[in-house]
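Note that this note's numbering has the first sequence beginning at 4, numbered continuously upward.
Cβ coordinates follow ideal geometry from the N, Cα and C atoms, glycine included.
Below: one structure, written as structure tokens.
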Amino acid sequence: MAKPELMDFYVILFSHYGPRHWWPAETPFEVIIGAILTQNTNWKNVEKAIDNLKSEGCLDIRKIVEIRKERLEEMIRSSGFYKQKAERLQNFCRFVLNEYGSLEEMFHENTDKIRKDMLDLKGIGHETADSILLYAGGLPFFVIDEYTRRIFRRIGFRVNENYEDIRKLFEKNIPKDVGIYKEYHALIVELAKEFCRKKPLCFDCPLRNICKNNSVV
DNA sequence: ACCCAGGGTCATA
DNA sequence: TATGACCATGGG
Numbered sequence: 004m005a006k007p008e009l010m011d012f013y014v015i016l017f018s019h020y021g022p023r024h025w026w027p028a029e030t031p032f033e034v035i036i037g038a039i040l041t042q043n044t045n046w047k048n049v050e051k052a053i054d055n056l057k058s059e060g061c062l063d064i065r066k067i068v069e070i071r072k073e074r075l076e077e078m079i080r081s082s083g084f085y086k087q088k089a090e091r092l093q094n095f096c097r098f099v100l101n102e103y104g105s106l107e108e109m110f111h112e113n114t115d116k117i118r119k120d121m122l123d124l125k126g127i128g129h130e131t132a133d134s135i136l137l138y139a140g141g142l143p144f145f146v147i148d149e150y151t152r153r154i155f156r157r158i159g160f161r162v163n164e165n166y167e168d169i170r171k172l173f174e175k176n177i178p179k180d181v182g183i184y185k186e187y188h189a190l191i192v193e194l195a196k197e198f199c200r201k202k203p204l205c206f207d208c209p210l211r212n213i214c215k216n217n218s219v220v
């Protein structure tokens with residue numbers, strides 16, 4: 004049996020977990036808000052914050068810019084790091100309005116420019132930028148997070164620590180399909196939540212067979 | 001009382 | 001380049 008490739012893991016994870024329906028949001032803008040609020044924070048805490056924004060009618064790019072920062076801080080308090088996140092949200096929204104005019108306009112621009120612009124903003128790192136590009140913009144950028152690194156390192160892939168290198172490794176070995184990109188990252192998170200810390204990855208996880216046959220764990 | 005979560009920045013060496 | 005401190009709430 005040949006060494007399993009990245010798509011083999013995808014097939015197994017998908018058949019085990021089924022579609023994940025990521026990202027859980029009603030609009031691209033809501034994806035962006037969530038992507039920033041969920042930084043190093045449990046998603047449940049983010050949901051509360053987003054509910055607050057919705058019920059106050061503030062889930063809107065212009066609203067976020069207009070309201071007082073202190074009010075925004077209170078609405079998103081449950082998501083943690085609420086002061087810097089309020090700052091980051093307003094900063095991001097202000098930039099989009101000034102530079103592009105609207106979110107729709109932004110996503111019609113050259114994708115590499117969008118990514119570069121976002122990475123220049125304070126509070127937008129590689130993972131957040133790619134989450135926004137993929138799940139809000141529907142653009143083919145594979146999201147690499149700490150789960151992805153851990154899991155594929157333990158499976159036996161020689162992933163070095165450089166974000167861009169890992170992302171290109173995945174994008175090179177996976178069909179350039181936004182649907183697959185979205186699903187794959189969501190499946191990795193699902194697997195990680197269940198096995199990454201609690202148990203050895205390949206003991207009774209969905210990947211146990213493919214791992215054992217190749218003696219990689 | 002700890003540990004951590006769907007990260008990122010900044011100072012230091 | 002590579003660690004470490006820091007940001008902060010809420011659930012286990």
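Does the Cβ of ARG118 have 16 or more other Cβ atoms within 10 Å, making it buried, or fewer, making it exposed? Under this definition ARG118 is a buried residue.
What does a CB cutoff of less than 8 Å around ILE64 pick up in its chain, not counting 5 residues either side in sequence? PHE32, CYS96, VAL99, LEU100, SER105, LEU106
Work out the CA separation of LYS51 and GLY60 for me, nearest whole Å. 14 Å
Threshold first: 4 residues or longer. Then list the alpha helix (DSSP H) segments lying entirely within the region 135-208, N to C. 149-158, 166-176, 181-198
List the whole-angstrom C-beta distance separating ALA189 from TYR150, where the pair is believed to meet the contact cut-off of C-beta under 8 Å. Rounded, the Cβ-Cβ distance is 11 Å, inconsistent with contact.
Residue from CYS214, ILE183, ASP120 with nearest C-alpha to GLY159: CYS214
GLN42, enclosing alpha helix (DSSP H) - first and last residue: Following the DSSP letters along the chain, one finds GLN42 in no alpha helix (DSSP H), marked with neither H nor E.
Grouping DSSP H, G and I as helix and E and B as strand, with all else coil, what is HIS19? helix
Among the candidates ARG157, ASP180, LYS57, MET121, whose CA atom is the shortest distance from the CA of TYR103? Here the closest residue by C-alpha is MET121.
How far does the alpha helix (DSSP H) with THR30 in it extend, from its first residue to its last? Careful: THR30 lies outside any alpha helix (DSSP H) and carries neither H nor E.
Taking the alpha carbon of THR114 as the point to measure from, which residue in PRO7, ALA139, HIS19 has its own alpha carbon closest? ALA139
Kindly indicate which three-state DSSP category LEU210 falls into: helix, strand or coil? Reduced to three states, the DSSP call for LEU210 is coil.
Three-state secondary structure (DSSP) at LEU79? Residue identity check: residue 79 is Ile in the sequence provided, not Leu. ILE79: coil per DSSP, three-state reduction.
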